[in-house]
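Novice: Residue numbers (this note's numbering), protein chains in the order written: chain A, 1 to 130; chain B, 131 to 478; chain C, 479 to 863.
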Amino acid sequence: MFPARYAREMPHRYRLEAHKCKQCGKVFVPRREICDKCGATEFEVIRLSDRVKLVTYTIIHTPASQFKDQSPYALGICEFPEGVRLTAQVVDIDFADLKTGMDLQVEFRRIQTDGHEGILSYGYKFVPVI
Amino acid sequence: MEGIVGYGAHIPRHRIKVEEIAKVWGADAPSYKRGLQLREKSVPPPDVDTITLSVEAAKRALKRAGVDGAQLGAVYIGSESHPYAVKPSGTVVAEALGAVPDCHCADYEFACKAGSEAMFVAMGLVKAGYIDYGLAIGGDTSQGAPSDALEYSASAGAAAFIMGRENLVAEIEYSNSYMTDTPDFWRREHEFYPQHAGRYTGEPAYFKHVTGAAKALLKKAGAEPGDFQYCVFHQPNGKFPMRAAKMLGFTKEQNLTGWLAPTLGNTYSGASPIGLTAILDVAKPGDRIFMVSYGSGSGSDGFIWKCADRLAEVQNLVATTRTLLDERLTYVDYGTYAKYRRKILKNY
Amino acid sequence: MRDVAVIGVGMPKWGELWDKSLRDVFVEAALLALADTKVDKLDNMLIGCMSGGLFVGQEHIGAIMADYLGQRHLAAGRVESACASGGLAFRCAIAEVASGMSDVVLAGGVEKMTDVSGDGATYALAAAADQEYEVFNGATFPGLYALMARAHMEKYGTTRDQLAHVAVKNHHNGTKNPNAQYPFEVTLDQVKNSVMIADPLRILDCSPITDGAAAVIVCPMEMAKDLTEKPLVKVTGLGQATDAIALHSRQDITTIEATTVAAKEAFAMAGKGPKDIDFAEVHDCFTIAEIVVTESLGFFEPGKGGPAVEAGETARGGRIPINLSGGLKSKGHPVGATGIAQIYEIVKQLRGDAGERQIENAKVGLAQNMGGSGASTLVHILEVA
Chain A
1 MFPARYAREM
11 PHRYRLEAHK
21 CKQCGKVFVP
31 RREICDKCGA
41 TEFEVIRLSD
51 RVKLVTYTII
61 HTPASQFKDQ
71 SPYALGICEF
81 PEGVRLTAQV
91 VDIDFADLKT
101 GMDLQVEFRR
111 IQTDGHEGIL
121 SYGYKFVPVI
Chain B
131 MEGIVGYGAH
141 IPRHRIKVEE
151 IAKVWGADAP
161 SYKRGLQLRE
171 KSVPPPDVDT
181 ITLSVEAAKR
191 ALKRAGVDGA
201 QLGAVYIGSE
211 SHPYAVKPSG
221 TVVAEALGAV
231 PDCHCADYEF
241 ACKAGSEAMF
251 VAMGLVKAGY
261 IDYGLAIGGD
271 TSQGAPSDAL
281 EYSASAGAAA
291 FIMGRENLVA
301 EIEYSNSYMT
311 DTPDFWRREH
321 EFYPQHAGRY
331 TGEPAYFKHV
341 TGAAKALLKK
351 AGAEPGDFQY
361 CVFHQPNGKF
371 PMRAAKMLGF
381 TKEQNLTGWL
391 APTLGNTYSG
401 ASPIGLTAIL
411 DVAKPGDRIF
421 MVSYGSGSGS
431 DGFIWKCADR
441 LAEVQNLVAT
451 TRTLLDERLT
461 YVDYGTYAKY
471 RRKILKNY
Chain C
479 MRDVAVIGVG
489 MPKWGELWDK
499 SLRDVFVEAA
509 LLALADTKVD
519 KLDNMLIGCM
529 SGGLFVGQEH
539 IGAIMADYLG
549 QRHLAAGRVE
559 SACASGGLAF
569 RCAIAEVASG
579 MSDVVLAGGV
589 EKMTDVSGDG
599 ATYALAAAAD
609 QEYEVFNGAT
619 FPGLYALMAR
629 AHMEKYGTTR
639 DQLAHVAVKN
649 HHNGTKNPNA
659 QYPFEVTLDQ
669 VKNSVMIADP
679 LRILDCSPIT
689 DGAAAVIVCP
699 MEMAKDLTEK
709 PLVKVTGLGQ
719 ATDAIALHSR
729 QDITTIEATT
739 VAAKEAFAMA
749 GKGPKDIDFA
759 EVHDCFTIAE
769 IVVTESLGFF
779 EPGKGGPAVE
789 AGETARGGRI
799 PINLSGGLKS
809 KGHPVGATGI
819 AQIYEIVKQL
829 RGDAGERQIE
839 NAKVGLAQNM
849 GGSGASTLVH
859 ILEVA
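1) Given this structure, state the Cα-to-Cα distance separating Glu451(C) from Ile267(B), to the nearest angstrom.
2) With 16 other CB atoms within 10 Å as the buried threshold, where does Leu475(B) fall?
3) Tell me which same chain residues have a C-beta within less than 7 Å of the C-beta of Lys163(B), skipping the five on either side of it?
4) If distances are taken between C-alpha atoms only, which option among Phe504(C), Met579(C) and Arg728(C) comes closest to Asp521(C)?
5) Can you list, in chain order, the residues of its chain with a C-beta nearer than 7 Å to that of Val45(A)? Leave out the 5 residues immediately preceding and following it.
6) Is there at least one Cβ from chain A nearer than 7 Å to Asn615(C)'s Cβ?
7) Select from the region 83 to 111 of chain A all residues with a C-beta closer than 9 Å to any C-beta belonging to chain C, and list them in chain order.
8) Let me know the alpha helix (DSSP H) ranges lying completely inside the region 711 to 761 of chain C, each 4 residues or longer, listed in chain order.
9) Could you say which of Lys376(B), Ala224(B) and Glu303(B) lies nearest to Ala353(B) if we only look at CA atoms?
10) For Ala442(B), count neighbouring C-beta atoms within 10 Å of its own C-beta (all shown protein chains included) and say buried if the count is 16 or more, exposed if not.
11) With distances taken Cα to Cα, identify the nearest neighbour of Ala289(B) among Thr310(B), Ala248(B) and Glu319(B).
12) Decide if the region 642 to 651 of chain C is in contact with the region 663 to 671 of chain C; the criterion is three or more beta carbon pairs, one per stretch, under 8 Å apart.
13) In whole angstroms, give me the CA-to-CA distance for Asn839(C) and Lys68(A).
14) With a threshold of 7 Å between beta-carbons, can Ala449(B) be considered close to chain A, or not?
15) At 4 residues or longer, and completely inside the region 8 to 70 of chain A: list those alpha helix (DSSP H) runs for me, N to C.
16) Counting only runs of 4+ residues fully inside the region 243 to 293 of chain B, write out the alpha helix (DSSP H) ranges in chain order.
17) Using a beta-carbon distance below 7 Å, is Arg15(A) in contact with chain B?
18) How would you call Gly790(C), buried or exposed, if buried means at least 16 neighbouring beta carbons within 10 angstroms?
19) In its own chain, which residues sit with a C-beta less than 6 Å from the C-beta of Pro63(A), not counting the 5 before and 5 after it?
20) Give every residue of the same chain whose Cβ lies closer than 6 Å to the Cβ of His234(B), excluding the five residues on either side of it in the sequence, and list them in chain order.
21) From Arg58(A) to Lys670(C), what distance separates their C-alpha atoms?
22) Which residues of chain A have a Cβ atom closer than 8 Å to the Cβ of Ala604(C), listed in chain order?
23) Once DSSP output is grouped into helix, strand and coil, what is the label at Lys654(C)?
24) Can you tell me where the alpha helix (DSSP H) holding Asn385(B) begins and where it ends?
25) Could you give the C-beta distance for Val127(A) and Asp94(A), rounded to a whole number, given that I count them as a contact under 8 Å?
26) Just confirm the distance between the C-beta atoms of Gln846(C) and Val862(C), as a whole number of angstroms; I'd bet it's less than 8 Å.
27) Which class does His643(C) belong to by DSSP, given the choice of helix, strand or coil?
28) Taking 7 Å as the threshold (C-beta atoms), are Leu54(A) and Leu86(A) in contact?
29) In chain order, what residues of the same chain have a beta carbon less than 7 Å from the beta carbon of Met1(A), not counting five sequence neighbours either side?
30) How would you label Phe872(C), buried or exposed, when you count the other beta carbons within 10 angstroms and need 16 or more for buried?
31) Pick out whichever of Ile525(C), Asn801(C), Met626(C) and Gly526(C) has its Cα sitting closest to the Cα of Asp419(C).
32) Pro30(A) versus chain C: which residues are under 8 Å apart at the beta carbon?
33) In chain order, what residues of the region 163 to 181 of chain B put their CB closer than 9 Å to some CB of chain A?
34) Do Thr855(C) and Thr737(C) come within 7 Å of each other at the CB atom, strictly closer than that value?
35) Use the C-beta contact count for Thr310(B): other C-beta atoms within 10 angstroms, 16 or more gives buried, fewer gives exposed.
36) At the 7 Å Cβ level, is Asp146(A) part of the contact set with chain B, yes or no?
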């Protein structure tokens, strides 16, 4: 993971910054130059809530190499109250307890490590509400 | 007036029992449990490190403080397990909290005292009027070599405090620091695990500094142990803080609320700070708290806190430390623990 | 716009071709397609290849393939739309001919996937998803289709058995395809008890890693008779559409909207509807994909794709046979080649030249090829001229 590629996504991944269309109010992560709903090009930066609903999920048993030590893990699509949906791991939960529609919250976690020498990549995962 | 305006802790949900570790090394679990007064400890999964623990603890502290990340003038993290050898943990945490760019940031290291060190400095800057709010965090994913006595206690957790001048939940009355060069515990560069000097870590190290700092602080405050509702000491295991409290004239009851080691383990830089959060969760306005940390090498920081009215309003705004410590736990076996802690050699 | 005919098709045996390089694999297919015609000189060549770069470290596919095909100086280039690269190459070739820019164009597809480890292949394929917002967080392709599968199962009651029926049917079809990578039968129990990949998808729900290529040659309808002795096949409908690359950004993850949009366009152009299609080759990269795609194409109502495959409606001899070639599932899925191999099968069927796979009354065939988790779709309708 080259640092520049990682660093430019930090606002979204670290603190759930989203871009809200100033004209129609649609909210986007990541940022966009043009609203796909109304075509406007001006956005305000907002922070997404940290409570989400699980839309669908799977348990990944054969991950990419950088996730092998975490396998098997749950991966889910969650919906934020602002309407945005994102894909991330669902952790700290027994797989049997996963249920479509359940409430989860966002937690800051280490997502990837680039070997022994590379940078550490952080971002969001979903966890049970506490 | 200066003090704490918000506080929060974070503890991973995974635990390993003393018996599970003892079984692997052929050690006698009952004697460890009795001798060290430890039953189990927290275990960080592979996606949790000092930075992630710090962010989650700090998010709770900000909520209790009612302060936005952008208002922080300083972000200080004390730890002996900073994920990078070179590159601050604090910048990641500050970025995640939205504290960048107008913020002073530093990582502290002083064995297990690094957390209270961060608190000491953040409080100092607030008192000096340099900053309005300072975030101080003590947290670790502690290292302990396989089969070493430390493996039974080295655990993970963090506590965060927002220091400020207004809307306090606890006012700082007095603080002090006490230190000498005492080589009781160390880790050389590029080594995975710390080394320690066995029984030399006791009387000449932990007890000398903890009681030294405590006595000096009591004298400075003109106070007696009986003047406090609560006390909390660094807790490398369950036994040491109880003994230190007794030596100083504190009762078991005063010490019990912040005494988390038996089920949390030793969170190193997080130890007495997390203990303090557990006390703040239940203390009443007007209660006074006596706190002394300890870091090998060696030194202790002492603090006397007096709880303010606003404390009652914020205690249940977010998960309490006891909730994090006691609820929805996942017990892991030694194999899983070894995998999580990267103790399995893969030769790459 | 000129009417376009497909005058030649070529496809060698697919599989783990340890002894063959990327260029070997492609040139073999292209020579077969040329040999199917009277053409010896091309005007243009378009090659679908998803990731020569990540699979074998080779970009600049157009030049290397023209050179090794013995047609140095030929106008040639590579097009890319993930697993829909082959379909896109076919569309671009038709545009070349229809517009009058070129007369005789070869549309090919190729992928050499076994020169990297399994991890390397997973990494290369994942490049078709949203790198920063899906793959970064641990998504894999089976994972993305598994997310769709669970949503489809919970919304419509699609069953684990129905997923397995897709694999059973396509492997059965594949037994009749001499070019298929895995031309063997699988049973319902074998599919349902195979190794878990991404719950609920198991290894036998997934298309394999394959080396392979396919090529077709197109020309203006009015020239076709002079350039081939085979029965003529005409391209009557084209459709192409995209959608949000990230699955989570789609309106509805139980359907593939890009397929619906592309199909509508192709049907309108051909003056046909789903009921007019005699057979189809669809992108069954995972069993759930075939079920969802047959719904998105309008062959079945939403939620009825599962029951349809279970009832045999998409089997050989059923109401609308799907993936007579064995599909990606049994035939293999060398990603860039898949879209062209679908055209190969349709032309073979329309010519009445599909050997043991041949169905009766094959007059109108449809090919649906998609990329990523469905963010790109190409639909083509071909008819007996």
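Glycine included, C-beta positions come from ideal geometry on N, C-alpha and C.
Specialist: Judging by the given coordinates:
1) What the structure shows of chain C is the stretch from 479 to 863, and residue 451(C) is not part of that stretch, so it cannot be assessed.
2) Its Cβ having fewer than 16 others within 10 Å, Leu475(B) is exposed.
3) Excluding residues within five positions, the ones whose Cβ falls inside 7 Å are Val148 and Arg169.
4) The option with the nearest alpha carbon to Asp521(C) is Met579(C).
5) Once the five neighbours on either side are set aside, the close Cβ partners of Val45(A) are Glu17 and His19.
6) At least one chain A Cβ lies under 7 Å of Asn615(C).
7) Sequence-ordered contacts of the region 83 to 111 of chain A with chain C read Val84, Arg85, Leu86, Thr87, Ala88, Gln89, Phe95, Thr100 and Ile111 [C-beta pairs closer than 9 Å].
8) Listed in chain order, they are 735 to 748.
9) For the set Lys376(B), Ala224(B) and Glu303(B), the Cα lying nearest the Cα of Ala353(B) is the one of Glu303(B).
10) Under this definition Ala442(B) is an exposed residue.
11) Ranking the options by Cα distance to Ala289(B), first place goes to Ala248(B).
12) Contact between the region 642 to 651 of chain C and the region 663 to 671 of chain C is present, because at least three Cβ pairs lie under 8 Å.
13) In this structure, the straight-line span from the alpha carbon of Asn839(C) to that of Lys68(A) is close to 50 Å.
14) Yes, its Cβ sits closer than 7 Å to a Cβ of chain A.
15) Fully enclosed alpha helix (DSSP H) runs of 4 or longer: 10 to 15.
16) You should have 244 to 258.
17) Any Cβ of chain B closer than 7 Å to the Cβ of Arg15(A) would place that residue at the interface, and such an atom is present.
18) That one is exposed.
19) Only Ser71 meet the Cβ criterion.
20) Here the set comprises Ala204.
21) Correcting the residue type first, residue 58(A) is Thr in the shown sequence and not Arg. Roughly 16 Å between the two C-alpha positions.
22) Here the neighbours are Ala64.
23) Taken through DSSP and simplified to helix, strand or coil, Lys654(C) comes out as coil.
24) First-last of the alpha helix (DSSP H) with Asn385(B): Lys382 to Leu386.
25) Taking a contact as a CB-CB distance under 8 Å, the pair Val127(A) and Asp94(A) does not count as one, their CB atoms being some 12 Å apart.
26) Actually they do not touch by this definition, with Cβ atoms about 20 Å apart.
27) The DSSP-derived three-state label of His643(C) is helix.
28) No, the pair does not count as a contact, with Cβ atoms beyond the cut-off.
29) Closer than 7 Å at Cβ, skipping near neighbours: Gln112, Asp114, Gly118, Ile119 and Ser121.
30) As displayed, chain C neither begins before 479 nor continues past 863, which places residue 872(C) out of reach and without an answer.
31) Past the edges of chain C, shown from 479 to 863, lies residue 419(C), and the structure says nothing about it.
32) Simply Glu610 and Tyr611.
33) Within the region 163 to 181 of chain B, contact with chain A at the beta-carbon level (separation under 9 Å) is assigned to Pro175, Pro176, Asp177, Val178, Asp179 and Ile181.
34) Yes; because the gap between Cβ atoms is below 7 Å, this pair is in contact.
35) That one is exposed.
36) Residue numbering for chain A in the displayed model covers 1 to 130; residue 146(A) lies beyond these limits and cannot be assessed.
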